[in-house]
Every structure is written in structure tokens, then in C-alpha cells.
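Colleague: In the numbering used here, the protein residues as written are 113 to 992.
1) Which two residues bound the contiguous beta strand (DSSP E) that contains residue 917?
2) How long is the line joining the alpha carbons of residue 531 and residue 228, rounded to whole angstroms?
3) Can you give me the start and stop residues for the beta strand (DSSP E) that residue 194 sits inside?
4) Report the residue from 784, 145, 141, 981 whose alpha carbon sits nearest the alpha carbon of residue 755.
5) Anyone know if the C-beta pair for residue 807 and residue 822 falls short of 9 angstroms?
6) For residue 338, which residues in the same chain have their Cβ closer than 6 angstroms to its Cβ, ignoring the five residues on either side in sequence?
7) Can you look up residue 375 in the DSSP assignment and give me helix, strand or coil?
8) Counting only the same chain and skipping the five closest in sequence on each side, list residues whose C-beta sits under 6 angstroms from that of residue 717.
9) Compare the C-alpha of residue 187 against each of 556, 155, 175, 765 and name the closest.
10) Figure out for me which residue from 213, 901, 553, 326 has the closest Cα to the Cα of residue 775.
11) Output needed for residue 294: all residues of its chain with C-beta closer than 7 angstroms, excluding positions within five of it in sequence on either side, in chain order.
12) Could you pull out every residue in the same chain whose Cβ sits closer than 6 angstroms to the Cβ of residue 966, ignoring the five residues on either side in sequence?
13) Looking at residue 731: is its Cβ nearer than 9 angstroms to the Cβ of residue 652?
14) For the stretch 173-191 and the stretch 240-251, state whether three or more C-beta atom pairs, one from each stretch, are separated by less than 8 angstroms.
15) Any beta carbon of chain B sitting closer than 9 angstroms to that of residue 169?
16) Take every Cβ of the stretch 488-500, pair it with every Cβ of the stretch 468-478, and state whether three or more of those distances are shorter than 8 angstroms.
17) For residue 221 and residue 122, I'd like the C-alpha separation in whole angstroms.
18) When DSSP builds the beta bridges, which residues end up paired with residue 688?
19) Quick check: residue 725 and residue 705, are their CB atoms within less than 9 angstroms of each other?
20) Nearest to residue 584 by CA position, among 416, 606, 757, 504, is which residue?
21) What do you reckon, are the CB atoms on residue 857 and residue 939 nearer than 9 angstroms?
22) Please state the DSSP three-state secondary structure of residue 713.
23) On the criterion of 16 or more Cβ atoms from any shown chain inside 10 Å, does residue 509 qualify as buried, or is it exposed?
24) So, do the stretch 840-852 and the stretch 674-693 have three or more beta carbon pairs nearer to each other than 8 angstroms?
25) So is residue 927 buried or exposed if we call it buried at 16+ other beta carbons inside 10 Å?
26) In angstroms with no decimal places, state the Cα-to-Cα distance between residue 538 and residue 636.
27) Consult DSSP for residue 963 and reduce its assignment to one of helix, strand or coil.
28) Tell me the residue span of the beta strand (DSSP E) that contains residue 665.
29) Check each candidate in 674, 370, 427 and name the one with the smallest Cα separation from residue 440.
30) Roughly how many whole angstroms lie between the Cα atoms of residue 356 and residue 223?
31) Residues bridged to residue 792 by DSSP?
32) Would you mind reading off the limits of the beta strand (DSSP E) that contains residue 560?
33) So, is residue 324 buried or exposed, given that buried needs 16 or more other C-beta atoms within 10 angstroms?
34) Do you know whose CA, among 969, 648, 702, lies nearest residue 958's CA?
35) On a CA-only basis, which of 447, 603, 311, 880 is nearest residue 417? Give me that one, please.
36) State the CB to CB distance for the pair residue 862 and residue 879, rounded to an integer number of angstroms; the pair is presumed to be in contact (CB under 8 angstroms).
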């Protein structure tokens, strides 16, 4: 029997090696994003001395055992994709060998021989085991650690030798350093330990001592991971949280059903890269053996057999439940055999138990022949299936084969500047095979360098350049045949921004284009900017706002840009921005404004005129071209009401329920009507009409934003808010008009000024005090006329060289009392604090401006002549 066993084990490992090594240099294609990330992490350990134990924080946090195992191989074999794949092959072969031995030691006797061999046979021609073993995924280490840990544990349980418990605990803890599916492995081990204590309660002291050794070593080995989890729970649980608490793709009940089917009915179907779509983990024959094995194991646990065998059956009974990490991943498109790896190798042993029960009465020779035939036939069929799957063109692109081909081509066709457009910026595939000397475009931007620069651009297969970009591009004729990826040089296209162009410190606006956009549709805007300076920001981005005549934002969009600190001076930057127009937007012309801000520091970049927004043009909104359901309107209060034969109020968004005199409230109405119908709208606060508007419907669904300004002299109180549409009253609730403490007599001040800012606001005077290197400036303003806009006050402390050494910009009274609320003749006290070490002659400059545009109010004299755009206060040796 032993001779047959060793011979068949040898044949199993030879077949397994063939299925995993044959054509490994060519298939599968890649490296894919995740595999390339593994290359980069392993390089950083092998060559840069990076300490990434126990988890590499980059790329969503990755357990690092795989990388430390491969770091020496990068020195011995090479730091490339093939080395990682070869490592995966041998780790999987080790798993098969350990699993065969595990089956043998768990059950003993002929049953152990048969179960061990059957386990090896099925793991050899398992499509999913072959798939995993031929790729550079760190998950391949999980089954290896679990198989070795369980093998040594059962060796210790059977023989009583301490070495088994010691190294069993070490390898079992090693599973925690492999992949997120290992998180529940210690729980299963704990359940097994409690079961053994119960089954062998006559020897409970002995078993308790063995358990202390095993779990003590496991805890000691896992201690770095435990400490890391306590110190960095966000990273430790990040990936598990993403797939369990993200956007739910299926219910938990549906996920359970799919995972039951995954075993032998219908498997992964969401991602071709991880499975031949729909292929279950086992064939129908193996599935039948799995069910048979589970019931047989349940029956055996109930028998008064050896405590060790009963423990073995408990573990295999638990194996189907080791898919729980995948089951709870309801946001990760379940089922997933990769996230179910915790069930390996025990799930194969469970199938083998069913097989052993069926053939238990056969002669050993016949059993060997049967398993040999199954091994050879199964290997032939699975190699056919794997070959067909791995050669699919769509798999090539899902595995980032296009970017891998582009990176290798770039090695042979260098350029001074390389731009790459792909879905992922800083794509690891390119970084691993080519390097980081790349400017990443994403999918929405194109940079056109000056003609004197040696530059080329690569487009990934799935995201070719749009047709209107082709006027800037010239295909490279010696790029790979076919359309694996796009490689282009730039045509000579030079344009300089005019002097009067909208500019900030880094960009100058050239132009923008947009076709008219129907309401309810998403339009595409094309902007062109010229880079004038390389920004010191990594994530500079444009924020686009579409505004109506009432300055209300109708639609917004931005671009996700990274690596903006690599921008090259002189490049033209063409950007495509998708702008979704809400359903019901009134047809007409709307102005488009752009603000530039850094995503990471939240720094807003001012334009050279001082404003933070700039109007770059207008966009025409057309009536809708589709029939929309009125229920698609975003009404907070959805109360359809027929007002006239032609007008139906669908609902509304109520305004805030408190306001001060001078503030605006913004009720939004949602109306269904016929095109051409005239709507006469009045808004009443109490009995006072505070807004009248008339419009002719050019669409069937209308979103009507009503910026209702409360008069500055409106009495304090609680008022009903009501509107009439074509004479029909509609109640919108109540509004509380709050009181405002106003000053109409000037309080005492230290120094009078009487500086007139455009006959709107007067700076009556100021009071200066100094304490602990803080200059406190109390300003007294007076409104000379009604003010319709909200001005920002600037207080700048300037040294003798004209350099600002301290400043504070804010709306009056720390943004709590904007100028649009002031009544004519009212006085307003306003305080500012400047901190600086002052030991020389300084000047304070005070003025007002509109933050959006940077426009300043001018200081005028008695003849209404402009003097300056700020008031000066000279300070002499303030600290003396």
C-alpha cells in the first residue's frame, strides 16, 4: 500500500507541476494592477530596505508574508513578474503535498491514505487552484499556511509530540499574514480545540496543556499582527469594510444562496480575471461527493470513535462555513472563490471523505487505478478549459495586458516626456515594467506640449482618444500591430493665451466649447488651458458651477486630477468635463464659472484679479428631449396637486425656517405643465408680496428656484410663507424672521477716518491695541446706501518693503453679519487680530472686495474721484 501511495503522490505532483508551469512565461497575461502592486511592494522590501511588516499600508493594506518570502528570490532569480508567478506555483505545490499528508494524518490507516490521495488528485485538477497558482497573488500563501498548520497540529495530537503543537501554532498564525480571508481561521481552530476537550474529556488535563502550547505559540507568532490591528484598525479592516459596508450589490440572503451555489452549481461571474464566468468550484460529481462527505462526517462525529478522528470530522464539517468572509462581502459582487480561500484545504478533504466512503469496499489496487484515471482525465479536461480561458482577448485586457505591452514597448522607444491615459493613474503595471517617469492623464485630460519637446502619449485599449482630440495627435507607425494600445506623437499645435485671458498663478484660460444641453441630460464641456507655472500641489482640480441670472448654482462638476505638480510649463491642457443638467432646468443661457482648488489641502487658487471664481462663457440649456416621470424630480416634499387644467404642482423643497431681515430664502418648486403655458408666481411672507415672477414654460417639467429676499426693514416675527401660481394659493409652511441688533449711534473710537468706499460703505474710524505680539484692530463701518452684495474685508499688515507679514480676510463680524444685511445709516463694529513680531515701521491696509471676482471698492474723495482701493494706517516702531 505504501508503494502505491508514494507512486501516486509522485504522479499527482508531476501532473500538478505540469498544469502550473507549462507556458508560465506567457500565460496568464499581465501583470494585472494587483500583481504589479505586489512586484513594487516586494522590490521595496528586497532593494530599498522597507519595513512593511506585518501589513504593507499601500494599495488598501496588504498582508506582507508573500512579499518577505519573495524578497530573497528577487535577488536570486530576478525582480520581475515571472519570479512571483514561479513562487506561486511552488507555494501551491507545497499546499497540495501538505494537504495529502494532512488527509493521511487526520484519519490514519487505509482511510487516511485514500482521503489524502483523493484530496491531492482533486486539488491538482482544480481550475481555481491552477488559476491562483499561476498568478502573482499573495492569497496563494493562505492555503499553504493553513495546510501546514493543520498538518502539524494533527501530527501533535496523534503523537503527543510538542514539536507538532509548537510549529503548528507558528504556521497557523502565519495564515494571518497572508490574506483577509484568514481572519476567521483562529475561530475555527478555537472551536476545534473545544471539541477535542469534550471528546477526550477523560484526558482533559493533557489536552489542555497541548492546547496551551499550540494557542500560546499561535498568539506569540500573531502578536505583531494583533498589535498592528489595535494600532491601525482602519487599515487592518479596510478591505473587509469596503466589500461588506460599501455600496450593497446583493442582500445577505442572496449572498448566502449564491455561495451555496458556488460549490458545484454556479460560481463567480462578476470578474473574468478571477474565474471562467459562472464556473463553480467543483464539478457536479465532486459536488455530490461533497454533500455525501458532509453528511458522512456529521454521522461520524456522533459515533463514539477516536477523539482525534472526531476532531478531524469537526474540522471538515466547518470547512463550508469558512466562506463567511466572502458571504458578508455584499458590496463585493459575491460569490468570490478568492475571498473563500479559508475553506482550502479542508473543503477538498470533505469531498475526499465522500469519495472514500463510496470506494471503501474496493480493493486498494482498484482504488489506485480509479484515482489515476481521474487524475489524468481530469488534468486533460482542466488544461483544455484553462487554455481556452487564459487565451481570451477580453481577459488579456482585463489583466492589463495592454498597459504591460505598452510599458515594454516604451522601454524600446524612449521619449523625454511620456503621457499615459488610463483608468487608474500611477498604474502599478506601468510603474513595475517601465518606471515612474510618466505624466498621468486619467481619462479626461490631454496635454499638448510645445513642438520642440520629444513627447509621446499612450492610450490604454479600453479608453482610446476621443475623435476631437485626434487633431492634436499623430499615430506612431512602428507601434504594435492591431489595437492593443494607442501610441501617438503630437502634431505641431501652438497657441498662446492672450494678455487679457483669465489667469491664476499656474494657468491661463484659452477657450471652451459646449453644444447646447437638453434638460435632464449630461453634456460634455471641452476646456483648454495653458500651463504657465508648475503648481506646488498634487491634486489641483477645476470646479465648474453653472449659474442662473439669480446667481443660483444649477449644476456642478469637477475633475479628479492627480500628479498636477508634474505639469510642464507651456503645455496646453485640454479637459473634457461631463456636466449633468437636472431634470426640469428652465431652458435658457447660463453662465459657467470655474474655481481651481487643491483636493488635499483645500487651498483655493485665486485668479490674478484676486477673485476665486472666473466666468469662462455661457452654456445654453434646451428643453428636454425625453419624457421624464414627474417622480424623478428631486422634491423633498412630494405632494402632487392639480392647480389648473394645465398646471400641476409636483412638490417643493422648503426654505430654511429662520432668516434675518436682508437674507434670502430659497424655496424650489417642481411643476408639471404644457409647453407654452404662462406661469404667474407670487411669494408672500405674511400679507406682503416679496417676490413676483412670470415665466413661459418651454418644457413639461420645470424646476423653479425662487431666491426670495426678505426686506431689510421687515418686522421680527413668525409668518406664513405662501405662494400663488396663476391665482391658486399654496402654503409652504412658516418662516421665523429673527431680530438683528443694529447700531444707529456711533460708539466711541480711538481714531476717526471717514473713508468713503464708493458711496456704499464708510470706514468711520478704528481703535488699535497691542498685546502679546497680537495687534487688535477694531473697525467701525457705516452703511451709506443699501448694499446688494456681500463684501469681504481685508486687513493687511505690510512692512517697509511692501511685503505682507500678516493678514486677515473675512466678512464682517467673522462672517456672521454680511454687508447685504446692513441698513442705510447703520453702524457696524468689526474686529480683527493680526499676529506678528513687529520691530520696524509698518502700514495697515484696509479695504473691501468681492471674493468671487476680486473686484475692490474704491476709496473716493469729496469730488467722487477714485483715490485708492484701500485705506492706509501708518505705524511707527509699534513695539517701542
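The beta carbon of each residue, even a glycine, is placed where N, CA and C say it ideally should be. Since this is a predicted model, take the numbers as computed values, not measurements.
Modeller: According to the structure data:
1) Numbered from its first residue, the chain shown carries residue 917 at position 805. Looking at the DSSP string, the run of the beta strand (DSSP E) that includes residue 917 is 916-922.
2) As a first step, residue 531 must be located in the chain shown, where it is residue number 419. As a first step, residue 228 must be located in the chain shown, where it is residue number 116. Cα to Cα, the separation comes out at about 54 angstroms.
3) The sequence position of residue 194 within the chain shown is 82, counting from 1. No beta strand (DSSP E) holds residue 194; the alpha helix (DSSP H) holding it covers 193-219.
4) The sequence position of residue 755 within the chain shown is 643, counting from 1. When each option's Cα is compared against that of residue 755, the closest is 784.
5) Taking the chain shown and counting its residues from 1, one reaches residue 807 at position 695. Taking the chain shown and counting its residues from 1, one reaches residue 822 at position 710. For residue 807 and residue 822, no; Cβs fall outside 9 angstroms.
6) The residue you call residue 338 lines up with position 226 of the chain shown. Answer for residue 338: no residue qualifies.
7) Here residue 375 corresponds to residue number 263 of the chain shown, with the count starting at 1. Coil, per DSSP.
8) As a first step, residue 717 must be located in the chain shown, where it is residue number 605. Same-chain partners within the cutoff: 616, 708.
9) Within the chain shown, the letter at position 75 stands for residue 187. Closest by alpha carbon: 155.
10) One-based indexing of the chain shown puts residue 775 at position 663. When each option's Cα is compared against that of residue 775, the closest is 901.
11) Here the question's residue 294 lines up with position 182 in the chain shown. These residues qualify, in order along the chain: 254, 287, 288, 454.
12) In the chain shown, the residue the question calls residue 966 occupies position 854. Closer than 6 angstroms at Cβ, skipping near neighbours: 721, 722, 723.
13) To locate residue 731, count along the chain shown from 1; it is residue 619. To locate residue 652, count along the chain shown from 1; it is residue 540. It is not a contact, given that the beta carbons lie outside the stated cut-off.
14) yes
15) Of the chains in the structure shown, none is chain B; there is only one protein chain.
16) no
17) Locating residue 221 in the chain shown gives position 109, counting from the first residue. Locating residue 122 in the chain shown gives position 10, counting from the first residue. Each residue's Cα considered, the two are about 20 angstroms apart.
18) Numbered from 1 along the chain shown, position 576 holds the residue referred to as residue 688. Per DSSP, 638.
19) Here the question's residue 725 lines up with position 613 in the chain shown. Here the question's residue 705 lines up with position 593 in the chain shown. Their beta carbons are under 9 angstroms apart, which means residue 725 touches residue 705 by this criterion.
20) Residue mapping note: residue 584 aligns to position 472 of the chain shown, counting from 1. Considering only alpha carbons, the answer is 606.
21) If you number the chain shown from 1, residue 857 lands on position 745. If you number the chain shown from 1, residue 939 lands on position 827. Cβ atoms of residue 857 and residue 939: closer than 9 angstroms.
22) One-based indexing of the chain shown puts residue 713 at position 601. The answer is coil: DSSP assigns residue 713 none of H, G, I, E or B.
23) Here residue 509 refers to the residue found at position 397 when the chain shown is read from its first residue. Its Cβ being crowded by 16 or more others within 10 Å, residue 509 is buried.
24) no
25) Numbered from its first residue, the chain shown carries residue 927 at position 815. Classification of residue 927: exposed, given that the 10 Å Cβ count is below 16.
26) As a position in the chain shown, residue 538 is number 426, starting the count at 1. As a position in the chain shown, residue 636 is number 524, starting the count at 1. Taking the straight line from one Cα to the other gives about 25 angstroms.
27) As a working note, residue 963 is residue 851 in the chain shown. Residue 963: coil per DSSP, three-state reduction.
28) Translated into the one-based positions of the chain shown, residue 665 becomes position 553. Where residue 665 is concerned, the enclosing beta strand (DSSP E) stretches over 665-670.
29) Here residue 440 corresponds to residue number 328 of the chain shown, with the count starting at 1. Ranking 674, 370, 427 by Cα distance to residue 440 puts 370 first.
30) Residue numbering aside, residue 356 sits at position 244 when the chain shown is read from its first letter. Residue numbering aside, residue 223 sits at position 111 when the chain shown is read from its first letter. Annotation note: pLDDT 48 at residue 356 (below 50); position unreliable, coordinate value reported separately. C-alpha separation (whole angstroms): 40 angstroms.
31) As a first step, residue 792 must be located in the chain shown, where it is residue number 680. Answer is 806, bridged to residue 792.
32) Here residue 560 is taken as the residue at index 448 of the chain shown, counted from 1. From DSSP, the beta strand (DSSP E) with residue 560 extends over 557-560.
33) Here residue 324 corresponds to residue number 212 of the chain shown, with the count starting at 1. Classification for residue 324: exposed.
34) Locating residue 958 in the chain shown gives position 846, where the first residue counts as 1. Taking only the C-alpha atoms, the option nearest residue 958 is 969.
35) Working through the chain shown from its first residue, we reach residue 417 at position 305. Nearest C-alpha to residue 417: 311.
36) As a working mapping, residue 862 is identified with position 750 in the chain shown. As a working mapping, residue 879 is identified with position 767 in the chain shown. Indeed they touch by this definition, with Cβ atoms about 4 angstroms apart.
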